[in-house]
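Visitor: This is the structure I want to talk about, given as structure tokens.
Numbering (my numbering), first residue to last: -7 to 223.
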């Protein structure tokens, strides 16, 4: 799944004139800290003293909250006609093991001023990118003859990745889905997982691979295989 984000800014009172957005900084990838910047703009001629409540939660695609990752309260003084920024970091240790298979994090900031009765909700949904996997086919593929495909994964973390499970399927290549477990991968190490397939139809076919572990979910890849008649 590719890294991406969506966001919204919603006034919660009729008096609200302040507005803002949440911007990401750096790479959005599983295993790295998530760095965002809350940017609040005061378009009025009066200074604003704001109370900021920042939360981050892991969510599923329906936006249902699963785990709270961050909950902080801060104060921010914004001068007239000023745009003020506040950095926020969700460390990898704060979300490690708490993401769903969707790799989604919702970040919300409620900015309020008791003096002016202004409240605005600024919200962003972030999707973190998984590491890529490489799929190699060793040699040509022929009908009813076994051929080996290799799934290559490099662990980008400074931690060991365990509970590795490969799921593979492909019309014309595998009559039934294939599941194979693999050994743990040490930090920054690379593992090659061989799987045997016996094509049963000729033509261009797609081998679809899904790799899961204790640290990464739904790492997906595919390779096109041109299956030929047996010689």
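Glycine residues also receive a C-beta, built at the ideal position from the N, C-alpha and C atoms. Bear in mind the structure is a predicted one, so any value in this text is a computation, not a measurement.
1) Along the chain, where does the alpha helix (DSSP H) containing residue 85 start, and where does it finish?
2) To the nearest angstrom, how far is it from the Cα of residue 209 to the Cα of residue 152?
3) I'd like the span of the beta strand (DSSP E) that includes residue 52, first residue to last.
4) Under 8 Å, with one C-beta from each stretch per pair, do the stretch 125 to 136 and the stretch 92 to 101 reach the 3-pair mark?
5) For residue 23 versus residue 203, is the C-beta distance shorter than 7 Å?
6) Taking only three categories from DSSP, how would you classify residue -7?
7) Short of 8 Å in beta carbon distance, which residues of its chain neighbour residue 180, apart from the five on each side in sequence? Order them along the chain.
8) DSSP three-state call for residue 215: helix, strand or coil?
9) Please state the DSSP three-state secondary structure of residue 205.
10) Does the beta-carbon distance from residue 196 to residue 216 come in below 7 Å?
11) Pull the bridge partners of residue 191 from the DSSP assignment, please.
12) Of the residues 97, 72 and 7, which one's Cα is nearest the Cα of residue 56?
13) Would residue 185 pass as a contact of residue 139 if the rule is Cβ separation under 7 Å?
14) Spell out a yes or no on whether the stretch 65 to 76 and the stretch 41 to 49 are touching, meaning 3 or more CB-CB pairs, one atom from each, closer than 8 Å.
15) Taking the DSSP output, what are the residues bridged to residue 109?
Guide: Here's the rundown:
1) The residue given as residue 85 occupies position 93 in the chain shown. Residue 85 -> alpha helix (DSSP H) spans 84 to 87.
2) Here the question's residue 209 lines up with position 217 in the chain shown. Here the question's residue 152 lines up with position 160 in the chain shown. Cα to Cα, the separation comes out at about 15 Å.
3) In the chain shown, counting from the first residue as 1, residue 52 sits at position 60. That residue, residue 52, is in no beta strand (DSSP E); it is neither H nor E in DSSP.
4) no
5) The count along the chain shown starts at 1 and reaches residue 23 at position 31. The count along the chain shown starts at 1 and reaches residue 203 at position 211. The answer is no: Cβ separation not under 7 Å.
6) For the purposes of this step, residue -7 is taken as residue 1 along the chain shown, with counting starting at 1. With a pLDDT of 40 at residue -7, under the threshold of 50, the modelled position of this residue cannot be trusted, and the question is left open.
7) By one-based count along the chain shown, residue 180 stands at place 188. Contacts found: 146, 147, 148, 149 and 150.
8) Residue mapping note: residue 215 aligns to position 223 of the chain shown, counting from 1. Residue 215 falls in the strand class under three-state DSSP.
9) For this step, residue 205 is matched to residue 213 along the chain shown. Here residue 205 sits in coil by DSSP.
10) Reading the chain shown from its first residue, position 204 is the one you call residue 196. Reading the chain shown from its first residue, position 224 is the one you call residue 216. A contact, by the Cβ cut-off of 7 Å.
11) In the chain shown, residue 191 corresponds to position 199, counting from 1. Per DSSP, none; premise fails for residue 191.
12) By 1-based counting over the chain shown, the position of residue 56 is 64. Of the listed residues, the one whose Cα sits closest to residue 56 is 97.
13) The residue given as residue 185 occupies position 193 in the chain shown. The residue given as residue 139 occupies position 147 in the chain shown. No, they are not a contact pair.
14) yes
15) Taking the first residue of the chain shown as 1, we reach residue 109 at position 117. DSSP, once it has assigned bridges, lists no residue as partnering residue 109.
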